[in-house]
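The sequence shown begins at 31 in my numbering and counts up by one. Below is one structure, written out as structure tokens; the observations come after it.
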Amino acid sequence: MPILRWYPPQGSPRVFVLYKPVSTIGHALGNDVAVPGSGMADTHAQIVFDGRDFNLEEIDRVGEILINGKKKRRTRLIHGDRLTLGTSDFAFSMFDEPASRARGEGPAPSSSTPVNSETQAHATSQQLAGLRKLHEFSNKLMTMRNLDELLETMLDSVIEVTGGEKGMILLLEDRDEGGAPMGKPMVRAVRHVLREQIPDLSVSDSIVRKVLDTGRPLIVSDALSDSQFSSSESVIAFRVSSVICAPLVAQGHVIGVLYCGNDRIKGLFDRSQLDVLSIFAMQASLILENALLLDALRADKEKLTKELKGKRFGEIIGACPSMTEVFRKLQKVATTDISVLITGETGTGKELIARELHQRSNRASGPFIVINCGAIPENLIESELFGHVKGAFTGAIASRPGKFQAADKGTLFLDEIGELPLNLQVKLLRALQERIVFRVGDSKPEKVDIRIVAATNRVLEEEIRAGRFREDLYYRLNVVNLWLPPLRDRGDDVLIIAKALLAKFAEEIGAKATGFSPQALVAIKKHHWPGNIRQLENRLKKALVLCDKALLGPEDLDLGKDSEVPIVPLEKAKEEFQRRYILEVLERNQGNRTQTARDLGVDPRTIFRYLERETHPPPPGSNTGER
């Protein structure tokens, strides 16, 4: 029967048997567990049995509760938990000890079953010895980080508890598509009773396979005479005698076995030892699962670090030719003060490029100021850019500098510059030309020493033709153009980026997933990713929060067949490729149509036709193929 052991500051521990559905703990004498002590409320907490688990719940919110050193208000209790209520220390146990009651530590539970038989006393002693070892093992885990050291410590405890001669831990290290263990079990640790590693791996494959297949513990008194295993080649070859074996289970899957044996003595193990080993294996599985997860994460991190070597440019990941060209340009212009225009679809990482420009410039020690021109109301954007003086407009209760002043001696990043209203474009152009700004409501000029980096997902040449963007401002900003390709055109970069983001987010969220299934990798590469890297980040975060598997599949990333790019007629696919390629080359040539036509080997009128279609797309169902 479960007990709660109280450790007073002086004297022997006292045991309280939890025989009621609800047991209260507190300072007042009316509690089921009444203990004196400073920091204890009259009724501090209660332990509730819900038919399956024992749960500790707070009653007095002022009273402090620590479970294994961590503050909690409600928790499920497991065997060996250490509790601190106020300044009083307790230990929760799933089993009472007859010996402890003999010492007068607490009342014995009422029972019609005799408790003084020698067999039951021996079995109870075995159980308690195993649980003590499990508790010691759990404490050692807190200081261990090496998986091999952890496995060897586990085996030392198992051998001591069962009285076996040697012990082994075998784990299923392969995984199927859903992340479930599979394949042949591999020996991960072997220990002898003398606490040393042994080269003799004499283990019965048939006994291990039986436990793996059934998921149930097994005891064999004499394998050579056992009708089920006597014909096994491994039993005959190694002359296996006494064997005790229990499964290691995690998330409903058998991940391996604890194997303990003695090849010289028959009938060494009995049922009580099997029970102890089973309890040990169940609890140890949870500990082992976390250790294996940490070990896998470390291995994945090392592998990813090697994979990213040579494919990372600061915080930016990429190795495709178009990104290599971006990095080449960036490195050359970073140390200058010329203006840079970063273009590309939304979510391609324009701000990351801008920050990398700043970090590699001579202004790296200065501020990096970001302003999103599309996120600020039109009536406030001038004040945000240049600042204002007190009383300049309703609500201006104090003078305030703008982003230009804040970026002095540093870099000003104008994101979504294509959203800037026309009337502000004139003032921005003047500020860029003269490096002088005027606060709203003030006639006193202020000099600023800044570098301008702008970004947009719009095609500014089209905006100029439509009269929504000033051509003189465009040429002032677009001294050097850095065009970022969409994720779908970056080849294997998408897989490298996905793995890097998975490792980063899994560590932040504490998720169980450690990688992608092969089908997921194929789906990631095939997907169109209209939202680019930002969309990929959001899909990964959602999958890591909702998925309980070790490997993320296509369905976890919402990348089923419905999400694939639809198959279109060849003529239409050809037309779409030509359109995208012409626009890409046009971007590289900074909008120069004549140079673009020369590079592509076509008549300049072809370029004009494609640009005309971008501005005025054909009606649905019309034939757009070139003839």
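Every residue gets a Cβ at the ideal spot worked out from N, C-alpha and C, and that includes glycine. Here the structure is a predicted model, which means the values were calculated and not measured.
Given residue i as reference, the closest of the options once Cα atoms are compared
| i | options | result |
| --- | --- | --- |
| residue 544 | 574, 179, 123, 555 | 574 |
| residue 235 | 222, 219, 275 | 275 |
| residue 76 | 62, 69, 244 | 62 |
| residue 178 | 453, 198, 442 | 198 |
| residue 446 | 493, 472, 427 | 493 |
| residue 201 | 491, 460, 279 | 279 |
| residue 57 | 93, 80, 465, 45 | 93 |
| residue 350 | 522, 300, 403, 399 | 522 |
| residue 396 | 419, 285, 434, 511 | 434 |
| residue 400 | 429, 441, 417 | 441 |
| residue 487 | 247, 604, 469, 375 | 375 |
| residue 515 | 354, 472, 470, 584 | 354 |
| residue 638 | 518, 412, 495, 67 | 495 |
Neighbourhood of residue i by C-beta, 6 Å cutoff - its chain only, sequence neighbours within 5 removed
| i | result |
| --- | --- |
| residue 129 | Below a pLDDT of 50, predicted positions are generally treated as unreliable, and residue 129, at 37, falls in that range; no measurement from the model is reported. |
| residue 357 | 343 |
| residue 203 | 216 |
| residue 507 | 369, 371, 484 |
| residue 65 | 36, 118 |
| residue 476 | 467 |
| residue 381 | none |
| residue 42 | none |
| residue 589 | 553, 557 |
| residue 569 | 587 |
Residues of its chain near residue i, where Cβ-Cβ distance is below 7 Å and the 5 sequence neighbours each way are ignored
| i | result |
| --- | --- |
| residue 394 | 388 |
| residue 615 | 626, 629, 630 |
| residue 364 | 387, 390, 391 |
| residue 462 | 482, 506 |
| residue 50 | 62 |
| residue 438 | 478, 479, 480 |
| residue 555 | 524, 525 |
| residue 385 | 398 |
| residue 377 | 561, 562, 563, 564, 565 |
Where residue i sits in the DSSP three-state scheme
| i | result |
| --- | --- |
| residue 388 | helix |
| residue 439 | coil |
| residue 124 | coil |
| residue 612 | helix |
| residue 111 | coil |
| residue 402 | strand |
| residue 445 | strand |
| residue 101 | strand |
| residue 529 | helix |
| residue 50 | coil |
| residue 589 | coil |
| residue 486 | strand |
| residue 88 | strand |
| residue 119 | strand |
| residue 628 | helix |
| residue 248 | strand |
| residue 284 | strand |
| residue 598 | coil |
| residue 450 | coil |
| residue 520 | coil |
| residue 481 | strand |
DSSP bridge partner residues for residue i (one or two, in chain order)
| i | result |
| --- | --- |
| residue 475 | 468 |
| residue 431 | 417 |
| residue 660 | In the structure as shown, the chain starts at 31 and stops at 657, and residue 660 therefore has no counterpart that could be examined. |
| residue 198 | 220, 289 |
| residue 513 | 373 |
| residue 343 | 346 |
| residue 45 | 35 |
| residue 106 | 85 |
| residue 56 | 64 |
Residue range of the alpha helix (DSSP H) that includes residue i
| i | result |
| --- | --- |
| residue 366 | Where residue 366 is concerned, there is no enclosing alpha helix (DSSP H), given that its DSSP letter is neither H nor E. |
| residue 562 | 562 to 576 |
| residue 499 | It is not in any alpha helix (DSSP H) - residue 499 carries neither H nor E in the DSSP assignment. |
| residue 240 | 235 to 244 |
| residue 273 | Run containing residue 273: none in the alpha helix (DSSP H); it sits in the beta strand (DSSP E), 272 to 280. |
Where the beta strand (DSSP E) through residue i begins and ends
| i | result |
| --- | --- |
| residue 219 | 216 to 222 |
| residue 670 | A query on residue 670 cannot be resolved here, the shown segment of the chain reaching from 31 to 657 and no further. |
| residue 662 | Past the boundaries of the shown model lies residue 662; the chain is included only from 31 to 657, so the question cannot be answered. |
| residue 552 | Per DSSP, residue 552 belongs to no beta strand (DSSP E); it is in the alpha helix (DSSP H), 548 to 556. |
| residue 559 | No beta strand (DSSP E) contains residue 559, which DSSP labels as neither H nor E. |
| residue 34 | 33 to 37 |
CB contact below 8 Å: residue i versus chain C
| i | result |
| --- | --- |
| residue 398 | Among the chains of the structure shown, chain C does not appear; only one protein chain is present. |
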